[in-house]
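Chains as they are written, first to last, in the working numbering: chain C, 44 to 431; chain B, 2 to 136.
Where a beta carbon is used, it is the ideal one built from N, C-alpha and C, also for glycine.
Following: one structure in structure tokens, then a few remarks.
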């Protein structure tokens, strides 16, 4: 016994086309008895009309009809893409010539008149089975076409997304050199490259510098030099990232960073000072360690605030995001004046952040590049950090 | 197999009728009776059409009408009717309308005799109590 399930009964909708009412009646009965649905029409035009308005699985077509004869009807059925593969059985009289003509007109099979019941039903069943296979194949092909289209569409979307990400990564690459990672991400996400064009902004600038480094570098072994710089960069880098600073430069024993550009910062003076304090704290460990090795090194910091011009400066292939202005100069000079362990801030910074800070006045300093001396303060500690 | 009797049995080929009843499966006798009714209604129209076609020299129409009557004749076992109809069909195919015209009278006569026999057969089909015999 074969394991395959029984085939569902082969029943279909049959269109009978014959101008003789006796034949129509006979076929209607025989086919109907077998379980097929029968539509019986008397001529070609009615047949083509019936095909347009009904689902038909097979056509039984008489040849001799007034107007459109059976051959012509068959040809038109074949010519229509919708009915191209519809099974057509011609009802022919005796004679090989008629059979040949029937096949040439596109008939799939033929029955002779007067027809034998079993032969007719067997041919009908056989053609319905073939049509069922074709319908399944067509449905599957249709499904495949749809899936292929979907796949192509997803691929296109994927390509688009990859391209977008590549562009993003390129922008990111450029920005990462002077923005901390998360800051760069935010700028790229905002899709706003206009920030790279020159513009003015109120910023807080931070300069940091290793005291005694020049002397140290003259006498130290290369490994010691690298080691110190690595400790320095590690400690400071982590803090800069945490406080979302924009790094102007961070090379060797010097660092310059600023706040409120390109990303807005609600209180850049406070942010800058808190960063400075955090860096000083982070450097305590490394400085103590270096001291143990006999290296006399320390960190001096200067913080200033004011308007600067920022944006991409340079030429093709060598652009840098730069901050220019008095504020930058002031912060640099304050840093130069700071002794190891000091955070020197300008009046403006103090004014903006005084409720956070415990400071000691350093007095009025005449800084190179500034027309007159300015009051300067050293940050002792953050008020919230003061032991109770 | 149904044994049909008819006083005019020589006109009709009984085997053809029996095949037709068998073809119609269950309730074949009623169906054949119904088909005969259709034939009686339709054939006069076809004959009239043939006559008109002969008169107007429409060989194709004549051919088709003769073909139909031939088919019906063969279906119901009215062989003489079928024979004359085929002769007219052949002449019409050849374009010989005059030849077709000469046979028309004979065709009409054969039709009348066939109709009489078939009408009696129809009564027998409708009256017959028919029990199927397993083959």
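For residue 76 (chain C), the nearest beta carbon of chain B is closer than 9 Å to its own beta carbon. One finds nothing in chain B with a Cβ atom closer than 8 Å to the Cβ of residue 142 (chain C); even the nearest lies about 16 Å away. Between residue 158 (chain C) and chain B, the shortest Cβ-Cβ separation is below 9 Å. Within the segment 49 to 68 of chain B, contact with chain C at the beta-carbon level (separation under 9 Å) is assigned to 61, 62, 64, 65 and 68. For residue 416 (chain C), same chain residues with a beta-carbon under 8 Å away, outside a window of 5 residues either side, are 407, 408, 409 and 410 in chain order.
Using a 10 angstroms sphere on the CB of residue 79 (chain C), the tally of other CB atoms reaches 16 or more, which defines it as buried. Residue pairing from DSSP places residue 252 (chain C) in a beta bridge opposite C:297 and C:343.
Between the alpha carbons of residue 253 (chain C) and residue 295 (chain C) lies a distance of about 9 Å.
Between the beta-carbon of residue 405 (chain C) and that of residue 420 (chain C) there is about 6 Å, and that keeps the pair under the 8 Å contact cut.
Straight-line spacing of the CA atoms in residue 306 (chain C) and residue 402 (chain C) works out to 28 Å.
Where residue 307 (chain C) is concerned, there is no enclosing beta strand (DSSP E), because DSSP gives it neither an H nor an E. Within chain C, no C-beta atom comes nearer than 7 Å to that of residue 112 (chain B); the closest sits roughly 14 Å away.
Counted as a single uninterrupted DSSP element, the beta strand (DSSP E) harbouring residue 407 (chain C) occupies residues 400 to 408. Following the DSSP letters along the chain, one finds residue 101 (chain C) inside the beta strand (DSSP E) bounded by residues 101 to 105. Those residues of the segment 97 to 117 of chain C placed with their C-beta closer than 7 Å to a C-beta in chain B are 107 and 109, ordered along the chain. In the same chain as residue 285 (chain C), and ignoring 5 residues on each side of it, the C-beta atoms closer than 8 Å to its own belong to 321, in chain order. Neighbours of residue 76 (chain B) across chain C, judged by C-beta separation under 7 Å: 65 and 157. Ranking C:106, C:364, C:342 and C:341 by CA distance to the CA of residue 351 (chain C) puts C:364 first.
Look at the beta carbons and you see the segment 96 to 112 of chain B not touching the segment 185 to 199 of chain C: under three pairs across the two are nearer than 8 Å. For residue 32 (chain B), the closest Cβ of chain C is nearer than 9 Å. In chain order, 271 and 340 place their CB closer than 7 Å to the CB of residue 333 (chain C), counting only its own chain and leaving out the 5 sequence neighbours on each side. The C-beta of residue 426 (chain C) has fewer than 16 other C-beta atoms within 10 Å across all chains shown, which makes the residue exposed.
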